[in-house]
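Start counting the sequence shown at 220; every next residue gets the next number (our numbering).
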Amino acid sequence: TTGTSNAPGYTCSGTGTTIIVRIATIPTSMTWKFSNVPNVTPNADVTVNNPTPTDSAYDNNGDRVYFFTLPQSYTFSTPGLYTLPVTFTAPTIGSCDNSQTDIIYVHVIPSPAIGFSYTFAGCVGNTATFNADPATPGGVNANSWKWTFHDATTANGQTASFTYNTAGTFPVKLDVVTADGCVGDSTKTITVNPLPTVSVTNDTKQICAGENVTFDVATPATGVDYNWYNSPTSTTILFTGNSYTLNNVTTTQDLYIEAVNTVTGCISATRKKVTVTVFNLLAAPVATVSNVTQSSITFSWAAVPGASSYQVSTDNGTTWVTPSSGSTGLTHTVSGLAPSTSVTLIVRALGTLDCQKNTSAPVTGTSLAVYQVYVPNAFNPSSTNPENRTFKIYGSIKNMTLMVFNQWGQKVYESNTPTPGWDGTFKGKPLPSGVYIYVLKYTLIDDKTGEQKGSLNLIR
C-alpha cells in the first residue's frame, strides 16, 4: 500500500523553496507536475526514474515512509495556496498502471516586509546612516541584513553607513532573511544635493593705505547666501551678501567667503580666500653728490626698500627722466657742463602703486672750476655705485701726495696718484667704519700748489 502525508507548510513569495514528498514506498519513477502550478519558476515537469530517497522514518502507525527531494529550488512570485501533483509508479501500487498521484500543498505568504530608516544631512560629502527594522510587522525576527549601494559595494548588519561624494539620486537596497527562512528586500532612493561654490571677480587687490576696497562674488546663485569671515575657521560672520567693502584699510589682510544653500542647507566645501594688499608710502631717497669733474656731476642715492624704479628731475619736478644708470640704477650723471656750473637734483622712488612714490630733498652739485680740486667726504667699499667704492681725489692734478690716518694717528694709506684711490683696507685687511683724517698735498697742471686736510667717513 502506498500513501503520502504532506501537511500544508508555508514559504514566502520570492524565496527559493525545496519541494519534498513523503510516500510509503520506493517508486520506480516519479513525475513532479510543475506545469500544472501557476506563478512558479521553473515550471517544467520533472521525471526521476529509480529515485533514491533522501531520508526515511516511521509514521505514527509504525509504518516506514520515505522522503524524496528535488535538488533544485523553486520560487513562487505571488502569495497563495498552490497544489503540486506528484505521480509515482511502483509494482506494489494496486492500480491498473501501478501508478498513484499525490498532492503537495504549498502555502505561499507575502515576502517579509522589513523596511529601514536613515539619517542623512543630504549634501555631497555627508555620511548617511541606515537602520533596518529588527522584525516583520508580524513579529518574525530577521536573521541577516545585507545592504547594496549604487556603486555595488555592500555591507552586512542591521545598521550600515555610506558616504556620498557625488550629487544625484541613488538607490539603496536592503535584503533580509527572516528566522523562518524567508527573504525580502526593500529599496529607497537617496537624494544627494551638490555643494554650492564661490568664485570672486577679483580675489587679489592692491590698494594704498587708508583706501577702501570692495570684493564681489562672481555670478551669485539664487537661493545661496554668501557669508564673509576673517579666518578660514571662524564662526563669527562679518557680513552676509554678494559684495563686501572694507573701509580705511591700513594693513594687508585676508577674507574668507562661504556659500550656503538656503534650501538644502549645503555649505561650500572650502571657503574662498580673497586678499587685499596694502602698500605704504616709500621712504624718501637721500641723494648726495658723489663725483664732480669740470664737465660733469654725479649724484647717487641708496636703494629704497620696496622701490621698483627711480626718476630724477633737474627742474624741481617739472619734468622727470630715467636716471643715466637705468630705471633701477642708483646714480645719475649730468654731463656736458661748463666749469663751475651748479645743478640741483631731486630723486623720486616709485612703487607698485602711484600713491607710494616719494621724493628726496634737493641736492646741489657744482662742476669743478678750472684747476680746482674736489675731495669727497665719504665712501662705501660695498656701494652698488663703483664710483663710491674708493676714496680718491678729483681735479686738474699734475702730481700729489695723499695720506690717510686712523683716529690714533697711524697712517693706513698713502698714494701719489689720484686713482685708483683708497679701498678702505690696511695691509690687505678691511678697516672698520668710522672717521679718518686725510692730508693732501698737490700740484695742479698750472703748477699751482696747495695743501688740504680734513675728515672722511668710511661707511660699511
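Backbone N, C-alpha and C define an ideal beta-carbon position, used for all residues, glycine too.
For the beta strand (DSSP E) containing residue i, list its first residue and its last residue.
i, result
"Phe253", "Element bounds for Phe253: n/a, residue is neither H nor E."
"Gln377", "Neither: Gln377 is in no beta strand (DSSP E) and is coded neither H nor E."
"Asp278", "First-last for Asp278: undefined, no H or E at that position."
"Arg608", "Segment: none, Arg608 is in no beta strand (DSSP E) and carries neither H nor E."
"Ala506", "506 to 511"
"Tyr337", "335 to 338"
"Ile426", "423 to 427"
"Thr294", "293 to 295"
Go ahead and label residue i buried or exposed: buried means 16 or more other beta carbons lie within 10 angstroms of its beta carbon, across all protein chains shown.
i, result
"Tyr324", "exposed"
"Asn421", "exposed"
"Ser315", "The amino acid at residue 315 is misidentified as Ser; the sequence shows Cys. The residue is exposed, with fewer than 16 neighbouring Cβ atoms inside 10 Å."
"Ser519", "buried"
"Arg567", "buried"
"Gln705", "Within the shown structure, residues of the chain are numbered from 220 to 679, placing residue 705 beyond reach of any answer."
"Asn280", "exposed"
"Leu564", "buried"
"Phe253", "buried"
"Leu457", "exposed"
"Val592", "buried"
"Thr452", "exposed"
"Phe286", "exposed"
"Glu477", "buried"
"Arg241", "buried"
"Lys672", "exposed"
"Ala580", "exposed"
"Ile664", "exposed"
"Ala526", "buried"
"Arg490", "buried"
"Ile516", "buried"
"Gly506", "In the sequence as presented, Gly is not what sits at residue 506; that position holds Ala. Its Cβ being crowded by 16 or more others within 10 Å, Ala506 is buried."
"Ala330", "Checking the sequence, you will find Ser at residue 330 rather than Ala. Classification for Ser330: buried."
"Lys611", "buried"
"Tyr277", "exposed"
"Thr221", "Because Thr221 sits at a pLDDT of 30, beneath the cut-off of 50, its placement in the model cannot be relied upon, and the following sentence gives the value as read from the coordinates. Buried is the call here."
Determine which residues share a DSSP beta bridge with residue i and list them.
i, result
"Gly584", "Val562"
"Gln472", "Val495"
"Val479", "Asp444, Ile486"
"Glu633", "Met622"
"Asp321", "Val305"
"Thr288", "Ile239"
"Arg268", "The displayed chain sequence assigns Asn, not Arg, to residue 268. Partner(s): Ser248."
"Tyr613", "Tyr593"
"Tyr347", "First, the residue type needs correcting, since residue 347 is Ala and not Tyr in the sequence shown. The partner list for Ala347 (beta bridge, DSSP) reads Phe381."
"Ile456", "Ile456 is not bridged to any residue."
"Ser462", "Asp435"
"Ile516", "Val511, Val553"
"Leu300", "His326"
"Cys693", "The requested residue 693 does not occur in the structure, where the chain is confined to residues 220 to 679."
May I have the straight-line CA-CA distance separating residue i from residue j, to the nearest angstrom?
i, j, result
"Thr260", "Val327", "13 angstroms"
"Phe368", "Thr346", "13 angstroms"
"Ser275", "Thr382", "53 angstroms"
"Val417", "Ala386", "17 angstroms"
"Thr668", "Trp539", "42 angstroms"
"Val511", "Asp473", "51 angstroms"
"Tyr475", "Thr455", "11 angstroms"
"Ser318", "Gly334", "48 angstroms"
"Ser528", "Asn635", "40 angstroms"
"Ala588", "Gln513", "6 angstroms"
"Cys427", "Ser380", "53 angstroms"
"Lys492", "Pro413", "21 angstroms"
"Thr541", "Val531", "6 angstroms"
"Asn255", "Ala361", "33 angstroms"
"Tyr590", "Gln575", "44 angstroms"
"Asn692", "Gly460", "Here the chain comprises residues numbered 220 to 679, so residue 692 is not present and cannot be evaluated."
"Lys392", "Val402", "13 angstroms"
"Gly536", "Pro600", "32 angstroms"
"Tyr229", "Asp264", "21 angstroms"
"Ala374", "Lys365", "6 angstroms"
"Ser487", "Lys407", "27 angstroms"
"Val680", "Gly233", "Residue coverage of the chain in this structure runs from 220 to 679, which leaves residue 680 outside it and unanswerable."
"Asp399", "Gly299", "17 angstroms"
"Thr644", "Ala557", "36 angstroms"
"Pro353", "Phe339", "20 angstroms"
"Asp642", "Leu501", "32 angstroms"
"Met622", "Tyr661", "12 angstroms"
Any heavy atom of the ligand SAM closer than 7 angstroms to the Cβ of residue i?
i, result
"Thr470", "With respect to the ligand SAM, the structure shown offers nothing to examine, as it has no ligands at all."
Report task. Please specify which runs of the beta strand (DSSP E), each continuous and at least 3 residues long, are wholly inside the stretch 519 to 581, giving them in chain order. Result -> 528 to 532, 550 to 553, 561 to 569
**Report entry** Inside the stretch 350 to 417 only - beta strand (DSSP E) runs reaching at least 3 residues
**Finding:** 361 to 367, 373 to 375, 378 to 382, 387 to 397, 402 to 411
Report task. Can you check the stretch 636 to 679 for any beta strand (DSSP E) of at least 3 residues that lies completely inside it and give the ranges in chain order? Result -> 653 to 663, 668 to 677
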